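Going from the sequence shown to our numbering is simple: count from 1 and add 203.
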Amino acid sequence: MQAIRVFEAVARHLSFTKAAEELGMTQAAASYQIKLLEERIGAPLFLRRPKQIELTEPGQRLAPAVSEAFALLSGAYAAARAGADGVLCVSTLLTFASNWLAQHLGSFQVAHPSLAVRVDTSNRVVDFAREDIDIAIRSGGGNWPG
Numbered sequence: 204m205q206a207i208r209v210f211e212a213v214a215r216h217l218s219f220t221k222a223a224e225e226l227g228m229t230q231a232a233a234s235y236q237i238k239l240l241e242e243r244i245g246a247p248l249f250l251r252r253p254k255q256i257e258l259t260e261p262g263q264r265l266a267p268a269v270s271e272a273f274a275l276l277s278g279a280y281a282a283a284r285a286g287a288d289g290v291l292c293v294s295t296l297l298t299f300a301s302n303w304l305a306q307h308l309g310s311f312q313v314a315h316p317s318l319a320v321r322v323d324t325s326n327r328v329v330d331f332a333r334e335d336i337d338i339a340i341r342s343g344g345g346n347w348p349g
């Protein structure tokens, strides 16, 4: 998998040095990973020229598929992370949201930069078991669950 990551970066930058910097490795380590991948595939993936590289035909066929696969993995990871802990959904009355919550959201998000906040303005009773709501803020008399 490491060799594929390196290939994607080298193909995108058309530079072993830039790819290595992006991945936090030496240029020699990136070059070695490409060599291993080329041995596994049985064909060169890059034409190496002084101060320049370009994709070979097999490299040109592989690059779009690898880029697409990494984009899909990245999207799946982001979706899983957001579903697990990345979004706080607050349900509240419109008046409370506009008169108090809106004034305090900025400082909350500065204190919690990795947490996005979604505000649902509604006066309906929230079914926490069935809805994607984390907290509901209500006021007044009533038999409120929770």
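All C-beta atoms in this analysis are idealised placements derived from N, C-alpha and C, irrespective of residue type, glycine included.
No experiment lies behind these values; they were computed from the predicted model shown.
Short of 8 Å in beta carbon distance, which residues of its chain neighbour residue i, apart from the five on each side in sequence? Order them along the chain.
i	result
Leu-226	Arg-208, Val-209, Ala-212, Ala-233
Arg-252	none
Thr-158	In the structure displayed, the chain extends from 204 to 349; residue 158 sits before or after that span and is not available.
Measuring straight from C-alpha to C-alpha, what distance separates residue i and residue j?
i	j	result
Gly-262	Leu-239	14 Å
Phe-219	Phe-249	11 Å
Leu-258	Ala-214	7 Å
Gly-309	Asp-335	22 Å
Arg-341	Asn-326	8 Å
Met-361	Arg-264	Absent from the structure is residue 361, since the part of the chain shown begins at 204 and ends at 349.
Ser-317	Leu-297	25 Å
Ser-277	Ala-268	14 Å
Gln-306	Ala-272	42 Å
Glu-242	Gly-289	41 Å
Lys-254	His-315	45 Å
Ala-332	Ala-319	21 Å
Below 7 Å CB to CB, which residues in the same chain sit around residue i once its five sequence neighbours on both sides are set aside?
i	result
Glu-260	none
For residue i, name the three-state secondary structure that DSSP assigns.
i	result
Ala-332	coil
Thr-324	strand
Thr-259	coil
Leu-250	strand
Ser-317	coil
Ser-234	helix
Ser-218	coil
Gly-371	In this structure the chain extends from 204 to 349, so residue 371 is not present and cannot be described.
Gly-309	helix
Gly-289	helix
Within its chain, find whatever has a CB closer than 6 Å to the CB of residue i; leave out the 5 residues flanking it on each side and keep chain order.
i	result
Val-322	Val-293, Ala-300
Asp-337	Leu-291, Cys-292
His-216	Ala-222
Leu-339	Residue 339 is actually Ala in this sequence, not Leu. These residues qualify, in order along the chain: Ser-294, Val-329.
State the beta-bridge partners of residue i as determined by DSSP.
i	result
Ala-339	Ser-294
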